[in-house]
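Peer 1: I have a structure here, written as structure tokens, and I will follow up with some questions on it.
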Amino acid sequence: MATKHILIVPGDGIGQEVTAVGKKVLDKIAARFGHTFTYDEALVGHAAIAATGNPLPDETLTKMRASDAILFGAVGHPKYDNDPSAKVRPEQGLLKMRKELGLYANLRPIKLFDELLDASSIKPEILKGADILFFRELTGDIYFGDKGRKNNGDTAFDIAEYSRFEVERIARKAFEAARTRRKKLCSVDKANVIETSRLWREVIQKIAPEYPDVEVEHQFVDATAMLLIKDPRRFDVVVTANLFGDILTDEASQIAGSMGMLASASVGDGTGVYEPIHGSAHDITGKGVANPLASILSAALLLDISFGMKAESEAVISAVDQVLKAGFRTRDIANAQTPADMIKGTDAIGEEVLQRI
Ligand code: NAD
């Protein structure tokens, strides 16, 4: 029996709707396993800009540092998407949070529930059994380097930078995870052209002998984009830089059928952050149809990684599996054969999961 303090940071759009369901799942786990979870809530993104003018207020950061784990929703608002010149933006809150909390590793498990084989646009015979764990570096690369304009604004630049230390710390996390799985690590770069990629490959090659039980391969990012669709089962653990990881993990989300199914963990030096990979989805906000399973699976990752509660985490994943096996779907993972009465809204499918925990 443990006592833990969890910060709920719903953010914007459907972030609010799905995180509320994720929190109910944590509550249910606490009740069933005899833990005490206490909660606080904080603002981020557009919600925080509207209230304070700052996408990551100091109060939010203080609460984040004081918590044992963070369940995060999503940030974003159409207002900024259509105005690239806006100086204060919701996603600045996300980037600052990653930097301030030292969240250098983003873990994205891509695992297909058998019941959803048909929901993917990839053929079931290619997909069945695919199980990939991505490690995307999160606090370096072109996202955090110097950027600006010159020549009267007609030329733009973004500097990509990596240090040996930054590559090594995420590589070690990926090697260690590979050891607990099928013992295969694929490092993705563009070392034929990009200097940061050459350093990346050099570091992986240097530390690989320390993990003789892990089989290492190097792939270029363009080839990886192709192989993920052609033969997803060939991958076990994949480790890559921030920009390549951002793109490849969205591509890989299609293996799982929907953005609404995928959870992620961002971990590093301090408090871990657990969030769905999807955004604030303005097109469906307020309609009660958002799929909360990614937030629920994020709660499962939180229990496992930040609290070391394996049985509790498994109980959540198994409940999701049972709900899918029973035939319940949200709109995004339903197909033409799904009976109308089995298509559930955000809260209703959440209830089905709660009942099975
Ligand atoms: P999105 O992930 O919000 O939505 C993409 C598509 O997937 C939409 O059609 C949406 O309806 C659908 N979708 C996403 N999550 C779903 C769910 N849980 N259930 C059912 N359908 C779901 O990406 P977008 O439309 O490119 O961006 C919308 C906003 O979100 C933008 O402001 C963007 O900046 C922001 N964003 C935030 C994050 C984040 O907070 N981590 C990530 C990506 C995008």
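My numbering numbers the first residue of the sequence shown as 27 and each following residue consecutively.
Beta carbons: idealized from backbone N, C-alpha and C, even for Gly.
It should be emphasised that the depicted structure is a prediction, and the values quoted were computed from it without experimental measurement.
In this structure, how does DSSP classify His72 when only helix, strand and coil are distinguished?
Peer 2: Here the question's residue 72 lines up with position 46 in the sequence shown. It is helical.
Peer 1: Could you tell me the distance, in whole angstroms, from the CA atom of Glu228 to the CA atom of Val193?
Peer 2: For the purposes of this step, residue 228 is taken as residue 202 along the sequence shown, with counting starting at 1. For the purposes of this step, residue 193 is taken as residue 167 along the sequence shown, with counting starting at 1. Approximately 10 Å, taken between the alpha carbons.
Peer 1: Quick check: Ala278 and Leu253, are their CB atoms within less than 8 Å of each other?
Peer 2: Indexing the sequence shown from 1 puts residue 278 at position 252. Indexing the sequence shown from 1 puts residue 253 at position 227. No. Outside cutoff.
Peer 1: Answer yes or no: do Met90 and Thr311 have a C-beta to C-beta separation smaller than 8 Å?
Peer 2: Taking the first residue of the sequence shown as 1, we reach residue 90 at position 64. Taking the first residue of the sequence shown as 1, we reach residue 311 at position 285. No, the pair does not count as a contact, with Cβ atoms beyond the cut-off.
Peer 1: Cβ of Pro211 within 8 Å of Cβ of Ala217?
Peer 2: Position 185 of the sequence shown, counting from 1, holds the residue named residue 211. Position 191 of the sequence shown, counting from 1, holds the residue named residue 217. The question names Pro, but residue 211 in the sequence shown is Leu. No.
Peer 1: Between Gly37, Val44, Lys50, which has its C-alpha nearest Ile383's C-alpha?
Peer 2: The residue you call residue 383 lines up with position 357 of the sequence shown. When each option's Cα is compared against that of Ile383, the closest is Lys50.
Peer 1: Specify the secondary structure class of Asn268 as computed by DSSP and reduced to three states.
Peer 2: The count along the sequence shown starts at 1 and reaches residue 268 at position 242. Asn268 falls in the helix class under three-state DSSP.
Peer 1: Mark Met368 as exposed unless 16 or more other C-beta atoms lie within 10 angstroms of its C-beta, in which case mark it buried.
Peer 2: The residue you call residue 368 lines up with position 342 of the sequence shown. Met368 is exposed by the Cβ-count criterion.
Peer 1: In angstroms with no decimal places, state the Cα-to-Cα distance between Pro258 and Ser213.
Peer 2: Locating residue 258 in the sequence shown gives position 232, counting from the first residue. Locating residue 213 in the sequence shown gives position 187, counting from the first residue. Rounded to whole angstroms, Pro258 to Ser213 spans 15 Å at the Cα level.
Peer 1: Between which residues of its own chain and Leu323 is the CB-CB distance below 6 Å, once the five residues before and five after are set aside?
Peer 2: For the purposes of this step, residue 323 is identified with residue 297 of the sequence shown, where counting begins at 1. Counting only Cβ-Cβ distances below 6 Å, and skipping sequence neighbours, we find Ala289.
Peer 1: Determine, using beta carbons only, whether Ile96 and Leu52 come nearer to each other than 8 Å.
Peer 2: As a position in the sequence shown, residue 96 is number 70, starting the count at 1. As a position in the sequence shown, residue 52 is number 26, starting the count at 1. No.
Peer 1: Under 7 Å from any heavy atom of the ligand NAD, does the C-beta of Ala289 make it?
Peer 2: Reading the sequence shown from its first residue, position 263 is the one you call residue 289. Result no, Cβ not under 7 Å from the ligand NAD.
Peer 1: Any heavy atom of the ligand NAD inside 7 Å of the beta-carbon of Asp373?
Peer 2: What you label residue 373 is simply residue 347 of the sequence shown in a count that begins at 1. Outside the cutoff, so no.
Peer 1: Thinking C-beta only, is Gly294 closer than 8 Å to Leu127?
Peer 2: Here the question's residue 127 lines up with position 101 in the sequence shown. Here the question's residue 294 lines up with position 268 in the sequence shown. For Leu127 and Gly294, yes; Cβs fall inside 8 Å.
Peer 1: Going by C-alpha distance, which of Phe183, Glu340, Pro318, Asp358 is nearest Leu327?
Peer 2: Translated into positions along the sequence shown, residue 327 becomes position 301. Checking every option, the nearest Cα to that of Leu327 belongs to Glu340.
Peer 1: Excluding five sequence neighbours on each side, which residues of the same chain lie with their C-beta closer than 7 Å to the C-beta of Glu187?
Peer 2: Within the sequence shown, residue 187 is the residue found at index 161, counting from 1. For Glu187, where only same-chain residues beyond five positions count, the Cβ hits under 7 Å are Gly166, Gly171, Thr222.
Peer 1: In terms of DSSP beta bridges, what is Asp358 paired with?
Peer 2: As a first step, residue 358 is located in the sequence shown; it is residue number 332 there, counting from the start. BP columns for Asp358 are empty, so no partner.
Peer 1: With DSSP run on the structure shown, which of helix, strand or coil describes Arg205?
Peer 2: The residue you call residue 205 lines up with position 179 of the sequence shown. Here Arg205 sits in helix by DSSP.
Peer 1: Alpha carbon to alpha carbon, how far is Ile196 from Ile331? Give it in angstroms, no decimals.
Peer 2: Looking up residue 331 in the sequence shown gives position 305. Looking up residue 196 in the sequence shown gives position 170. Cα-Cα distance, rounded: 16 Å.
Peer 1: Straight-line CA distance for Ala234 to Asp180?
Peer 2: In the sequence shown, counting from the first residue as 1, residue 234 sits at position 208. In the sequence shown, counting from the first residue as 1, residue 180 sits at position 154. Answer to the nearest angstrom: the Cα atoms are 44 Å apart.
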